[in-house]
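Structure first, then comments.
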Amino acid sequence: MRRYTLDISDRKFVIDVQELSADQFEVVVGDESYQVTLSSDENLAEAVITPGLQSGAGAAPRASAASTVAKVRKEASPAAAAPAARKPAGPAGKGALCAPMPGVILEVSVKAGDTVERGQQVAVLDAMKMHNVIGAPRAGTIAEVFVVAGQNVDHGDAIVKFKED
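Numbers 161 to 325, taken from the working numbering, label the letters of the sequence shown in order.
Below, the structure is given as structure tokens:
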């Protein structure tokens with residue numbers, strides 16, 4: 161379960177999100193509980209989300225979780241040297257799954273041509289000694305893989321790109 165604290169128009173909201181499956185969540189806002197189905201998830205090229213620190217608090221939640229929580233709130237109402245990169249670091253455009261935070265890729269679980277289901281493990285990213293499973297944001301076919309195990313990535317660097325439907 162993840163807990164998010166949002167300040168909206170000088171009001172504070174505490175939101176607890178429990179992932180039940182790849183697209184099903186239980187969301188608790190105050191004393192209200194909601195069963196939520198995630199119907200879409202996309203990276204917006206023009207959106208720039210920069211994690212920040214507040215005094216006495218940790219880093220802000222990663223972009224995909226934060227955007228999911230914002231959408232839910234609206235609908236609910238009230239290491240080692242890295243091998244050389246195979247592609248230049250940076251965004252790969254439409255259909256790219258990007259690193260949600262800086263870190264080191266520990267494992268790549270897919271290759272070009274693989275078919276994946278939403279939520280399926282694509283890679284494992286080590287960030288601040290925590291292993292983060294990077295899951296597929298949607299079902300589809302992998303067109304390109306941009307990273308290798310041991311490679312350093314920055315927030316927003318492309319990990320894989322999906323074939324366009």
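Cβ coordinates follow ideal geometry from the N, Cα and C atoms, glycine included.
All values reported here derive from a predicted model rather than from experimental measurement.
| Query | Result |
| --- | --- |
| Cβ shell of Asp-314 (< 6 Å), same chain only, five flanking positions each side left out | Pro-262 |
| Arg-163 in three-state terms, based on DSSP | strand |
| Candidates Phe-173, Val-276, Val-188 and Thr-165: closest to Glu-179 by CA position | Val-188 |
| Sub-8 Å separation of Ala-309 and Val-282 beta-carbons | no |
| Ile-302 and Phe-322 closer than 8 Å at C-beta | yes |
| Residue of Val-284, Ser-169, Gly-300 and Asp-191 minimising C-alpha distance to Val-276 | Gly-300 |
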